[in-house]
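Shown next, in structure tokens, is the structure this report addresses.
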Amino acid sequence: DTGVSQNPRHKITKRGQNVTFRCDPISEHNRLYWYRQTLGQGPEFLTYFQNEAQLEKSRLLSDRFSAERPKGSFSTLEIQRTEQGDSAMYLCASSSRHGHEQYFGPGTRLTVT
Amino acid sequence: QQPVQSPQAVILREGEDAVINCSSSKALYSVHWYRQKHGEAPVFLMILLKGGEQMRHEKISASFNEKKQQSSLYLTASQLSYSGTYFCGTERDSNYQLIWGAGTKLIIKP
């Protein structure tokens, strides 16, 4: 078990372009979370999956953001029509059915120019 | 509502002790503590559950005062490796969603 992995690690895109990030959770972890973190701040909750079901989505999240977890394993986060304010570190975490603690991946740093 | 962490930053000499607090205005089910080093992902330290016991991991321990809805993280005889930003994440109603504090930056000097 190599932990949570995220790809790509870095993404530079121009404003208006679409980007997609991938997260592979720890195997057999049924819960998966997406967060956004900006410099000097704690992680900000975006959305949460239990198996393949998306159970919660932050009210702060605009319609430009969408996430999927089609087979209850890996997940993707897509941002459409990126804006400079979307520049941040996007973190993925997973947790098992037996506990509440979350294990984080290394993150994808997005820069929108 | 975001929990309030205090202090915002702490500078210690190696071997000194520190206390970091996390307070919420809402009733909590659990409080999680994580440490994040610069450029890295947060790393889980421990979780305090409502009605649970004080937790300890090596020389780091934590408590949860349900009456005050406040958790405290205690770092004893700090080591250089303790440097980083400490975040508390609060969970209400056992819903698996964490609301995070703004963090406490800890700097340990030799």
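Residue numbers (this note's numbering), protein chains in the order written: chain A, 1 to 113; chain B, 1 to 110.
Built from N, CA and C at the ideal position, the CB exists for glycine as well.
As the structure is a computational prediction, the values presented were derived from the model and not from experiment.
Residue range of the beta strand (DSSP E) that includes residue i
{"i": "arginine 35 (chain B)", "result": "30-36"}
{"i": "aspartate 17 (chain B)", "result": "No beta strand (DSSP E) holds aspartate 17 (chain B); DSSP gives it neither H nor E."}
{"i": "threonine 2 (chain A)", "result": "Here threonine 2 (chain A) belongs to no beta strand (DSSP E), and DSSP marks it neither H nor E."}
{"i": "glutamate 101 (chain A)", "result": "That residue, glutamate 101 (chain A), is in no beta strand (DSSP E); it is neither H nor E in DSSP."}
{"i": "lysine 57 (chain A)", "result": "53-57"}
{"i": "arginine 109 (chain A)", "result": "108-112"}
{"i": "alanine 62 (chain B)", "result": "60-65"}
{"i": "phenylalanine 21 (chain A)", "result": "19-24"}
Backbone secondary structure at residue i - three-state DSSP
{"i": "aspartate 63 (chain A)", "result": "coil"}
{"i": "tyrosine 96 (chain B)", "result": "coil"}
{"i": "leucine 46 (chain A)", "result": "strand"}
{"i": "serine 78 (chain B)", "result": "coil"}
{"i": "glutamine 2 (chain B)", "result": "coil"}
{"i": "glutamine 80 (chain A)", "result": "coil"}
{"i": "glycine 40 (chain A)", "result": "coil"}
{"i": "glycine 51 (chain B)", "result": "coil"}
{"i": "glycine 84 (chain B)", "result": "strand"}
{"i": "glycine 85 (chain A)", "result": "helix"}
{"i": "glutamine 69 (chain B)", "result": "coil"}
{"i": "alanine 93 (chain A)", "result": "strand"}
CB contact flag (residue i, residue j, <7 Å)
{"i": "isoleucine 99 (chain B)", "j": "glutamine 2 (chain B)", "result": "yes"}
{"i": "tyrosine 90 (chain A)", "j": "arginine 36 (chain A)", "result": "yes"}
{"i": "leucine 73 (chain B)", "j": "tyrosine 82 (chain B)", "result": "no"}
{"i": "valine 19 (chain A)", "j": "cysteine 92 (chain A)", "result": "no"}
{"i": "glycine 42 (chain A)", "j": "phenylalanine 44 (chain B)", "result": "no"}
{"i": "arginine 69 (chain A)", "j": "serine 62 (chain A)", "result": "no"}
{"i": "valine 112 (chain A)", "j": "serine 87 (chain A)", "result": "yes"}
{"i": "glycine 16 (chain A)", "j": "arginine 64 (chain A)", "result": "no"}
{"i": "alanine 102 (chain B)", "j": "glutamine 5 (chain B)", "result": "yes"}
{"i": "threonine 13 (chain A)", "j": "tryptophan 34 (chain A)", "result": "no"}
{"i": "tryptophan 33 (chain B)", "j": "alanine 62 (chain B)", "result": "yes"}
{"i": "glutamine 69 (chain B)", "j": "serine 24 (chain B)", "result": "yes"}
{"i": "histidine 29 (chain A)", "j": "serine 73 (chain A)", "result": "no"}
{"i": "glutamine 97 (chain B)", "j": "phenylalanine 49 (chain A)", "result": "no"}
{"i": "arginine 105 (chain A)", "j": "glutamine 6 (chain A)", "result": "For clarity, residue 105 (chain A) is glycine in the given sequence; the question names arginine instead. Yes. Within cutoff."}
Residue i CB to nearest heavy atom of the ligand MN below 6 Å
{"i": "arginine 109 (chain A)", "result": "Ligands in the displayed structure: none, and consequently the ligand MN is not present."}
Contact set between the segment 69-91 of chain A and chain B, restricted to residues whose Cβ is under 7 Å from the partner:
Leu91
Between the segment 79-92 of chain B and chain A, which residues of the former have a C-beta closer than 8 Å to a C-beta of the latter?
Phe87, Gly89 and Glu91
Against chain B: residues of the segment 42-70 of chain A by CB proximity under 7 Å
Gly42, Pro43, Phe45, Tyr48 and Glu56
In the segment 7-35 of chain A, which residues sit with their C-beta less than 7 Å from some C-beta in chain B, listed in chain order?
Arg31
May I ask you to list, following chain order, the residues of the segment 94-108 of chain A that have a beta carbon less than 9 Å from some beta carbon of chain B?
Within the segment 94-108 of chain A, Ser95, Gly99, His100, Glu101, Gln102, Tyr103, Phe104, Gly105, Pro106 and Gly107 place their CB atoms closer than 9 Å to a CB of chain B, listed in sequence order.
Closer than 8 Å, Cβ to any Cβ of chain A: which residues of the segment 52-73 of chain B, in chain order?
none
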